[in-house]
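Asks:
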Amino acid sequence: MNVPMLLPQFLDRAVKLYGKKTAIIGEKHSYTYYEVNQRVNQLSRGLQEAGIEKGDRVGYLAPNTSEMYEGFYGVLQLGAVMVPLNTRLTPEDYLYILNHSGTKVLFVHHELVNQIEPVRNQLTAVEEIIVHGLEQDKDGLIAYEKWLDQFDTAAVDRPEMDENDLATLLYTSGTTGKPKGVMLSHRSNFLHALTSMHHLRVSDRDVLLHVLPMFHVNGWGSPFYYTANGATQVFLNKVMPAEIFRKMKEHGVSVMHMAPTVLNSLLQYAANEEEAVKTAQELRIVIAGSAPPPAFVKRVEEELNWEFIQVYGMTETSPLITTSMIRDTQAHLPNEEKYRLKAKAGYEFIGSEVKVVNENGDEVAHDSREIGEIVVRSNTVMEGYWNNPEETSHAIRNGWYHTGDMAVVDEEGNIEIADRKKDIIISGGENISSIEVEGVLYDHPAVLEAAVIAVPHEKWGETPQAVVVLREGHEASEDELITFARSRLAHFKAPTIIVFADELPKTGSGKIQKVHLRKEYWKDKGRLVN
0 MNVPMLLPQF
10 LDRAVKLYGK
20 KTAIIGEKHS
30 YTYYEVNQRV
40 NQLSRGLQEA
50 GIEKGDRVGY
60 LAPNTSEMYE
70 GFYGVLQLGA
80 VMVPLNTRLT
90 PEDYLYILNH
100 SGTKVLFVHH
110 ELVNQIEPVR
120 NQLTAVEEII
130 VHGLEQDKDG
140 LIAYEKWLDQ
150 FDTAAVDRPE
160 MDENDLATLL
170 YTSGTTGKPK
180 GVMLSHRSNF
190 LHALTSMHHL
200 RVSDRDVLLH
210 VLPMFHVNGW
220 GSPFYYTANG
230 ATQVFLNKVM
240 PAEIFRKMKE
250 HGVSVMHMAP
260 TVLNSLLQYA
270 ANEEEAVKTA
280 QELRIVIAGS
290 APPPAFVKRV
300 EEELNWEFIQ
310 VYGMTETSPL
320 ITTSMIRDTQ
330 AHLPNEEKYR
340 LKAKAGYEFI
350 GSEVKVVNEN
360 GDEVAHDSRE
370 IGEIVVRSNT
380 VMEGYWNNPE
390 ETSHAIRNGW
400 YHTGDMAVVD
410 EEGNIEIADR
420 KKDIIISGGE
430 NISSIEVEGV
440 LYDHPAVLEA
450 AVIAVPHEKW
460 GETPQAVVVL
470 REGHEASEDE
480 LITFARSRLA
490 HFKAPTIIVF
500 ADELPKTGSG
510 KIQKVHLRKE
520 YWKDKGRLVN
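For the sequence shown, numbering that gives the first Met the number 0 gives the first residue as 0, with consecutive numbering after it.
1. Just to confirm my understanding: we take proline 212, look at its own chain, exclude 5 residues before and 5 after, and list those with CB closer than 8 Å. What are they?
2. Measuring only the C-alpha atoms, how far is methionine 81 from serine 184?
3. Looking at the structure shown, is glutamate 372 part of a helix, part of a strand, or coil, going by DSSP?
4. From the DSSP output, in three-state form, read off proline 318 for me.
5. With DSSP as the reference, please indicate the residues paired to glutamate 352 in a beta bridge.
6. If I measure Cβ to Cβ from isoleucine 424 and keep anything under 7 Å in the same chain, skipping five residues before and after, which residues do I get?
7. Closer than 7 Å by C-beta to glutamate 519: which residues in its own chain qualify, once you throw out the five before and the five after it? Chain order, please.
8. So the alpha helix (DSSP H) aspartate 92 belongs to, where does it begin and stop?
9. Rounding to the nearest angstrom, what Cα-Cα distance links aspartate 156 and asparagine 40 in this structure?
10. Would you call the region 94-109 and the region 129-148 touching, i.e. three or more CB-CB distances under 8 Å?
11. Any contact between the region 375-382 and the region 396-404? By contact I mean 3 or more CB pairs, one from each, below 8 Å.
12. Where do the N-terminal and C-terminal ends of the beta strand (DSSP E) with lysine 297 fall, by residue?
13. Which first and last residues belong to the alpha helix (DSSP H) in which methionine 196 is found?
14. Which same chain residues end up closer than 6 Å to glutamate 300 when comparing Cβ atoms and leaving out the 5 residues on each side of it in sequence?
15. Would you report the Cα separation of alanine 449 and phenylalanine 483, rounded to the nearest angstrom?
16. Between which two residues does the beta strand (DSSP E) carrying isoleucine 496 extend?
17. On the three-state DSSP scale, how would you describe isoleucine 51?
18. Have a look at Val125, Glu134, His99, Tyr93 and flag the residue whose alpha-carbon is nearest the alpha-carbon of glutamine 114.
19. Can you tell which of Asn1, Ala22, Glu362 has its C-alpha closest to the C-alpha of threonine 231?
20. With distance defined between alpha-carbon atoms, name the residue in Gln37, Tyr72, Lys20 nearest to phenylalanine 9.
21. Thinking C-alpha only, which one of Ile373, Phe491, Val407 is nearest alanine 394?
22. Rounded to whole angstroms, what is the Cα-Cα separation between glycine 225 and aspartate 11?
23. According to DSSP, what are the bridge partners of valine 528?
24. Could you say which of Val276, Phe295, Thr316 lies nearest to glutamate 335 if we only look at CA atoms?
25. Threshold first: 4 residues or longer. Then list the alpha helix (DSSP H) segments lying entirely within the region 196-221, N to C.
26. Near asparagine 163, what residues of its chain come up, given a Cβ to Cβ distance below 7 Å and the 5 sequence neighbours on each side ignored?
27. Do you know whose CA, among Glu457, Val446, Lys458, Val451, lies nearest glutamate 474's CA?
28. Would you kindly work out how many angstroms separate the C-alpha atoms of glutamine 47 and arginine 38, rounded to a whole number?
29. Since I believe leucine 235 is in contact with leucine 208 (beta carbons under 8 Å), could you give me their beta-carbon distance rounded to a whole number of angstroms?
30. Using a Cβ-Cβ cut-off of 8 Å, state whether valine 261 counts as contacting chain B.
31. Can you say whether glutamine 309 is buried or exposed, counting buried as having 16 or more other CB atoms within 10 angstroms of its CB?
32. Assuming proline 293 and arginine 339 make a contact with CB atoms under 8 Å, what is their CB distance in whole Å?
33. Decide if leucine 265 is buried, meaning its Cβ has at least 16 other Cβ atoms within 10 Å, or exposed.
34. Check aspartate 404 in the structure and name its three-state DSSP category.
35. With 16 other CB atoms within 10 Å as the buried threshold, where does arginine 419 fall?
36. Which residues does DSSP list as the beta-bridge partners of proline 463?
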């Protein structure tokens, strides 16, 4: 028997088994799974009236809210495609993504409308903009709740769907500077949910606090596998330590996903507010984005008494493909050694074949010394990049997805990130294309050459630093170039440090050797990334 694996089945199961249980807790309202399903059906009917059909793209620009959660199921049960948008981009970024994806209906949180207004008249495919939190329709913008209330809560007729149909389209920074649309099918997301819920030990007893933004690979797929298990999901609109601890205690949170920078802010807050952060419940913290040092893991587990779970992946792999959770064969090790292991990318998830290979495609020695590139073969690997066959064929070669991350492997098969082959900086969990930043700096009349690299940062893990060669007869200060970059980029992408040099190191063919620039800053770290 072959039954299609379709994402709406997760909510169907939750309604059947947990219909009266609290499903989601938002800023103003809480809903049971039965009530959520009713609102999802209203959303689907509204989208149908707006002309949305199978395969059409529907965009969401919102923080972690119950309204955005509703979108995953309201969009997907129509066979339409969910396009979550990073809330920290510029209007020009949104213009490119919405036009490139051909998004027809856009949902926007009321606090983010001003990010769309400057480019609204240039949107070529968007036909309706519906605003979460807007009281009344205004200037062509549709108020979400008022709009939703028009439609029946009864189940909708779903189109015939195949598990290989596109479900989500997520845009990620690429080495060319322009974001690339990662296509993930129902099958990819479904299988990722199954393997992730196993490795992360998700159950119906869990209460998830949505800290990681759901636009980041659907918040690591969490709207799917926590729903499938009938867990309660609490939404966090703004990431502030005091609010996180308040919601943890109020709702009995048992698991959170977040970037290392957020976890670091919780550690700092806890150090100063010892009484305010005491919790009785057991807590699992799932971390990805950049691997923290063992000392960081130790602080989390000993000072906060939380279980630290390191995972590794990327948008193109749905995303999770490895974890560093301690295996049964490692249980006898002393705590210090366990912390060291937990700080690594770890070993492969069930369903993912992950290895580190040299330039000839052969596996590197498991000696923690030989560096190679991480490649993966899995049912969770993307279908490709939207309207970009050239980049797709470059990324997926001979049946393997090439991550661009360089790593070593220890004698037990644990992977540890050593460097990045791609010119991507990961700062605070956000991907930054160094080439995009360099392109902006080159627009400044005083800049002759620029190379943007990742350097260590105590709070963000990494931060972009530019090494700049000025044109002869021109002057520019560090503040001037940083301000210039911030005026043209999302602020998190702009360099935080500018270093001036007489020349940049280059190969014989004239290519800038960034590895030589990075080594000075990472020489005491044991690797070239955080």
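Glycine residues also receive a C-beta, built at the ideal position from the N, C-alpha and C atoms.
None of the values given here were measured: they were computed from a predicted structure.
Replies: Inspection of the coordinates gives the following:
1. Counting from 1 along the sequence shown, the entry for residue 212 is found at position 213. Closer than 8 Å at Cβ, skipping near neighbours: Pro62, Asn63, Asn85, Thr86, Gly218.
2. Position 82 of the sequence shown, counting from 1, holds the residue named residue 81. Position 185 of the sequence shown, counting from 1, holds the residue named residue 184. So the two alpha carbons sit approximately 11 Å from each other.
3. Along the sequence shown, read from residue 1 onward, the residue named residue 372 stands at position 373. In this structure, glutamate 372 counts as strand in the three-state DSSP scheme.
4. Here the question's residue 318 lines up with position 319 in the sequence shown. DSSP places proline 318 in coil when its eight states are reduced to three.
5. For this step, residue 352 is matched to residue 353 along the sequence shown. According to DSSP, glutamate 352 bridges with Arg376.
6. The residue given as residue 424 occupies position 425 in the sequence shown. So the qualifying residues of the chain are Ile431, Ser433, Ala453, Glu461, Pro463.
7. As a first step, residue 519 must be located in the sequence shown, where it is residue number 520. Cβ within range, chain order: n/a, list empty.
8. Here residue 92 corresponds to residue number 93 of the sequence shown, with the count starting at 1. Counting along the chain, the alpha helix (DSSP H) containing aspartate 92 begins and ends at 90-100.
9. Looking up residue 156 in the sequence shown gives position 157. Looking up residue 40 in the sequence shown gives position 41. Whole-angstrom Cα-Cα distance: 10 Å.
10. yes
11. yes
12. Stepping through the sequence shown from its first residue, residue 297 is reached at position 298. Per DSSP, lysine 297 belongs to no beta strand (DSSP E); it is in the alpha helix (DSSP H), 293-302.
13. Position 197 of the sequence shown, counted from the start, is the residue given in the question as residue 196. Run containing methionine 196: 185-198, per the alpha helix (DSSP H) assignment.
14. Position 301 of the sequence shown, counting from 1, holds the residue named residue 300. Once the five neighbours on either side are set aside, the close Cβ partners of glutamate 300 are Phe307.
15. Indexing the sequence shown from 1 puts residue 449 at position 450. Indexing the sequence shown from 1 puts residue 483 at position 484. One C-alpha to the other measures close to 14 Å.
16. The count along the sequence shown starts at 1 and reaches residue 496 at position 497. Element bounds for isoleucine 496: 496-499.
17. Reading the sequence shown from its first residue, position 52 is the one you call residue 51. Coil, per DSSP.
18. For the purposes of this step, residue 114 is taken as the residue at position 115 of the sequence shown. Among Val125, Glu134, His99, Tyr93, the Cα nearest to that of glutamine 114 is on Tyr93.
19. Counted from its first residue, the sequence shown places residue 231 at position 232. With distances taken between Cα atoms, threonine 231 lies closest to Ala22.
20. As a position in the sequence shown, residue 9 is number 10, starting the count at 1. Of the candidates Gln37, Tyr72, Lys20, the one whose C-alpha sits nearest the C-alpha of phenylalanine 9 is Tyr72.
21. Walking along the sequence shown from the start, residue 394 turns up at place 395. Alanine 394 has its Cα closest to that of Ile373, out of Ile373, Phe491, Val407.
22. Residue mapping note: residue 225 aligns to position 226 of the sequence shown, counting from 1. Residue mapping note: residue 11 aligns to position 12 of the sequence shown, counting from 1. The sequence shown places tyrosine at residue 225, not glycine. Near 13 Å, if we compare the C-alpha coordinates of aspartate 11 and tyrosine 225.
23. Taking the sequence shown and counting its residues from 1, the one referred to as residue 528 is at position 529. BP columns for valine 528 are empty, so no partner.
24. Here residue 335 refers to the residue found at position 336 when the sequence shown is read from its first residue. Among Val276, Phe295, Thr316, the Cα nearest to that of glutamate 335 is on Phe295.
25. 216-219
26. The residue given as residue 163 occupies position 164 in the sequence shown. If we look at asparagine 163 and ignore the five residues flanking it on each side, its Cβ neighbours are Ser184, Arg186.
27. Taking the sequence shown and counting its residues from 1, one reaches residue 474 at position 475. Ranking Glu457, Val446, Lys458, Val451 by Cα distance to glutamate 474 puts Val446 first.
28. The residue given as residue 47 occupies position 48 in the sequence shown. The residue given as residue 38 occupies position 39 in the sequence shown. Cα to Cα, glutamine 47 sits roughly 14 Å from arginine 38.
29. Here residue 208 is taken as the residue at index 209 of the sequence shown, counted from 1. Here residue 235 is taken as the residue at index 236 of the sequence shown, counted from 1. Rounded, the Cβ-Cβ distance is 6 Å, consistent with contact.
30. Looking for chain B here will not work: only one protein chain is present.
31. Position 310 of the sequence shown holds residue 309. So glutamine 309 ends up on the buried side.
32. What you label residue 293 is simply residue 294 of the sequence shown in a count that begins at 1. What you label residue 339 is simply residue 340 of the sequence shown in a count that begins at 1. About 5 Å; that satisfies the 8 Å criterion.
33. In the sequence shown, counting from the first residue as 1, residue 265 sits at position 266. It is buried - the Cβ of leucine 265 has at least 16 other Cβ atoms within 10 Å.
34. As a position in the sequence shown, residue 404 is number 405, starting the count at 1. If DSSP states are grouped into helix, strand and coil, aspartate 404 belongs with the strands.
35. Translated into positions along the sequence shown, residue 419 becomes position 420. The residue in question, arginine 419, is buried, as its Cβ has 16 or more Cβ neighbours within 10 Å.
36. In the sequence shown, residue 463 corresponds to position 464, counting from 1. Looking at the DSSP assignment, proline 463 forms a beta bridge with Ala453.
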